[in-house]
Structure formats: structure tokens, C-alpha cells
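Trainee:
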Amino acid sequence: MEYDLDSGAHSTYSLHYHLILTTKYRRGVLTEERTQFIHEVISGFTDNYGVELTNLDGEDDHVHILFRAKPTTNLVKFINTVKGATARRIRNEYEDELKTELWGDSFWNDSYCLISTGQVSLDVLKQYVEDQRES
0 MEYDLDSGAH STYSLHYHLI LTTKYRRGVL TEERTQFIHE VISGFTDNYG VELTNLDGED
60 DHVHILFRAK PTTNLVKFIN TVKGATARRI RNEYEDELKT ELWGDSFWND SYCLISTGQV
120 SLDVLKQYVE DQRES
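Just so we're aligned: the sequence shown equals residues 0 to 134 in numbering that gives the first Met the number 0.
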């Protein structure tokens, strides 16, 4: 089994995450242009958190953000920064277009979904671990 590993001073790791954010009230306000704008905003501060953005796309009411992180990354702080910075910037940039769909200061739903992912499926990994004693 071969992994694409990262390394630090005292560790070797492969930490991949899938973050899903939905718009407030699941409003369909995310056009391709706005999704690209969100991608650019997030790309502007990922280095500060030891994060590498690998993909970002979605539909009109949610985005999927795939990223790699370091073991020292404070994921909650990174996610809160993503939500806060993108909400502020997109509301400033598209204020007139959004005020009929979203009111108040909200852009994202309060909750989010964060899934740890890997380079292989969980079934493949389980089988690999089970086969270790047989080797």
C-alpha cells in the first residue's frame, strides 16, 4: 500500500478533510462566480493555518471543500475563519444581489460537516490491517 505522505520534524502524516458548508436557509445563492470568489478568499489564508486547498466546488446552496492539513492545524479555528472571512467578503462584494435572499449578517448555516478522508477507502484499509498478521 502506497501513500502520498507529508512530514514534519517528528511525524509523518496524511491528513485529508472534506468540509461541507451550506448557505443559510439553504438558499440557492452560490453561482459559479461566487463559488470561485469563495475559493480565492480561502486560498488567501490557507498558508497561515498549514492547510493546502485541494478542491472546492458545489451547488447553488452548498460547497464542498477538500483540503490537506498538518497535525498542528487547529481545524475549528480554520473552519471558523473560512466561514467568517468568506461570509464577510461575499456579502460585501454581492450585497445588493443577496439582500433579498439573505437578510441580517448571516451567509452560512451555523453548522457544518467535516469528514476525515484518506487516500484509500475504509474497506481497503480494514482489509490491509487484517492481512498484516498473515504476511
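Glycine included, each C-beta is placed from N, C-alpha and C at the ideal position.
Taking only the alpha-carbon atoms, compute the straight-line gap between Y111 and T99 and give it to the nearest angstrom.
Mentor: Those two C-alpha atoms are separated by around 24 Å.
Trainee: By a C-beta neighbour count over all protein chains shown, 10 Å radius and 16 as the cutoff for buried, is Y24 buried or exposed?
Mentor: So Y24 ends up on the exposed side.
Trainee: Which value, in whole angstroms, describes the spacing of the CA atoms of A84 and Y93?
Mentor: Cα to Cα, A84 sits roughly 14 Å from Y93.
Trainee: Determine the contact status of V62 and L55, defining contact as a CB-CB distance below 8 Å.
Mentor: Result yes, Cβ atoms of V62 and L55 sit closer than 8 Å.
Trainee: Considering Cα atoms alone, identify which of D95, L65, S105, T71 is closest to L113.
Mentor: Of the listed residues, the one whose Cα sits closest to L113 is L65.
Trainee: Can you grab the Cα-Cα spacing for the pair S13 / R67, in whole Å?
Mentor: If you take the alpha carbons of S13 and R67, they lie about 8 Å apart.
Trainee: Could you compute how far the alpha carbon of S105 sits from the alpha carbon of F44?
Mentor: Computed Cα separation, rounded: 21 Å.
Trainee: Take E58 as the anchor and find which of E31, Y48, D95 has the nearest alpha-carbon.
Mentor: Of E31, Y48, D95, the residue nearest in Cα terms is E31.
Trainee: Please return the same chain residues whose Cβ sits closer than 6 Å to the Cβ of D146, not counting the five positions on each side in sequence.
Mentor: There is simply no residue 146 to check, as the chain begins at 0 and stops at 134 in what is shown.
Trainee: Got a sec, what are the start and stop residues for the beta strand (DSSP E) L14 sits in?
Mentor: First-last of the beta strand (DSSP E) with L14: 14-21.
Trainee: Since V40 sits in a beta bridge, which residues does DSSP pair it with?
Mentor: Bridge partners of V40: none, in fact.
Trainee: Per DSSP, what kind of secondary structure is D46 in: helix, strand or coil?
Mentor: Of the three classes helix, strand and coil, the one that applies to D46 here is helix, per DSSP.
Trainee: Tell me which residue opens and which closes the alpha helix (DSSP H) that T71 is part of.
Mentor: Here T71 belongs to no alpha helix (DSSP H), and DSSP marks it neither H nor E.
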